[in-house]
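Asker:
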Ligand code: MTE
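In the working numbering, the protein residues as written are 8 to 328.
(1) Hey, is the segment 111–118 in contact with the segment 236–249, meaning 3+ C-beta pairs nearer than 8 Å?
(2) On the DSSP bridge assignment, give the partners of residue 179 in chain order.
(3) Just mark residue 168 as buried or exposed, buried being the case when its beta carbon has 16 or more other beta carbons within 10 Å.
(4) Compare the C-alpha of residue 67 against each of 141, 234, 105 and name the closest.
(5) Is residue 186 helix, strand or coil by DSSP?
(6) Rounded to the nearest angstrom, what separates residue 297 and residue 171 at their Cα positions?
(7) Rounded to whole angstroms, what's the CA-CA distance from residue 40 to residue 234? Just pull it up for me.
(8) CA-CA distance, residue 210 and residue 192?
(9) Of all the beta strand (DSSP E) runs that stay within the bounds of the segment 219–267, which reach a length of 3 or more residues?
(10) If I measure Cβ to Cβ from residue 289 and keep anything under 8 Å in the same chain, skipping five residues before and after, which residues do I get?
(11) Would residue 254 pass as a contact of residue 243 if the rule is Cβ separation under 7 Å?
(12) Pick from 103, 81, 316: whose alpha carbon is nearest that of residue 230?
(13) Comparing the CB of residue 180 with every heavy atom of ligand 1, is any distance shorter than 6 Å?
(14) So residue 226 packs on residue 106, CB below 8 Å; how close in whole Å?
(15) Between the alpha carbons of residue 188 and residue 316, how many angstroms are there, rounded?
(16) For ligand 1, is there a heavy atom less than 6 Å away from the beta-carbon of residue 140?
(17) Report, in whole angstroms, the separation of the C-beta atoms of residue 61 and residue 139, which I expect to be a contact under 8 Å.
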């Protein structure tokens with residue numbers, strides 16, 4: 008049992024491009040107009056530190072090319088982050104720069120044909136990347152819209168060759184208290200862990216993210232590779248992943264292990280199920296303006312609702328939490 012200091016967010020308001028194009032993903036190409044997302048936020052990035060760009064423009068996947076809302080200005084989304092390894096405030100941008108995200112190797116193990124390690128660069132070069140504009144809804148009731156760059160997790164699952172007994176995918180963040188100061192705090196169950204069912208992991212929407220706004224991922228966004236499951240609350244979208252394990256046991260997430268009534272495994276966005284301490288009916292866009300209504304599955308029901316129709320009763324009763 009962990010003694011737990013409640014973090015601020017727990018108490019507040021309340022087209023795939025040719026692989027050769029990515030072999031040098033850290034080549035800085037100053038002044039490139041990259042991707043639709045960047046075009047929408049033109050002029051926003053000038054105050055940000057220079058970041059590495061993909062060597063060539065990333066193709067926009069038109070199916071996910073319009074989130075129906077204004078893309079959040081990069082200067083806002085990249086300076087308001089949850090990355091508890093680097094602190095419990097939203098302003099962890101500077102601390103996160105300590106993360107050594109290149110080179111980076113991911114271990115794929117558990118119930119697979121043969122475990123292996125692979126670098127993020129190799130994953131990008133083998134699978135390729137595309138841009139998708141997704142809505143993101145945090146359990147704290149704020150939201151943003153980000154043009155992510157990544158590849159479908161389903162492609163990585165295919166590469167891993169899971170055995171028939173694999174029912175879940177468990178993701179783990181790096182563990183290095185020498186760079187992530189908060190990992191020295193023993194009341195947290197480090198490292199950060201999250202999990203998905205195999206159906207969720209192979210759903211079309213589920214994205215392994217390696218970039219945003221046309222550039223290699225900012226460290227504070229969870230460089231070099233993080234998950235994004237836009238129909239679930241943001242805490243499911245685990246950052247800086249260095250281990251992916253196929254398992255027959257349901258993984259217990261970082262926040263779930265601290266407060267299972269508030270941050271459960273399923274965590275599907277549902278405006279009708281309040282968090283025990285605040286309503287989930289509306290959300291505050293980080294880009295400003297009035298609060299807006301929250302939508303079931305964050306508006307992605309068409310893609311994901313089918314996965315939840317035949318859950319066993321006990322799980323079905325709780326699948327929002
Ligand atoms: N992953 C790790 N490793 N550590 C974290 O603290 N926070 C989660 C999620 N992934 C978190 C994490 C939460 S609560 C949210 S809302 C999103 O990351 C925030 O992503 P963003 O900073 O890119 O907005």
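All residues carry an ideal CB built from backbone N, CA and C; glycine is no exception.
Answerer: Straight from the coordinates:
(1) yes
(2) Beta-bridge partners assigned by DSSP to residue 179: 200, 250.
(3) exposed
(4) 141
(5) coil
(6) Take the alpha-carbon of residue 297 and the one of residue 171: they are about 48 Å apart.
(7) In this prediction, residue 40 has a pLDDT of 31, which is less than 50 and means its spatial position is unreliable; what the coordinates show is noted afterwards. Distance between the alpha carbons of residue 40 and residue 234: 25 Å.
(8) A straight line joining the alpha-carbon of residue 210 with that of residue 192 spans about 35 Å.
(9) 233–235, 248–254
(10) Within the same chain, 148, 278, 298, 299, 300, 301 come within 8 Å of residue 289 by CB-CB distance, once the 5 residues on both sides are set aside.
(11) Remark: C-beta atoms of residue 254 and residue 243 do not approach each other more closely than 7 Å.
(12) 103
(13) Shortest gap from the CB of residue 180 to any heavy atom of ligand 1: under 6 Å.
(14) 5 Å
(15) 42 Å
(16) Exclusion of residue 140 from the 6 Å shell around ligand 1 follows from its C-beta lying no nearer than that to any non-hydrogen atom of the ligand.
(17) At roughly 14 Å, the Cβ-Cβ gap does not stay under 8 Å, so residue 61 and residue 139 are not in contact.
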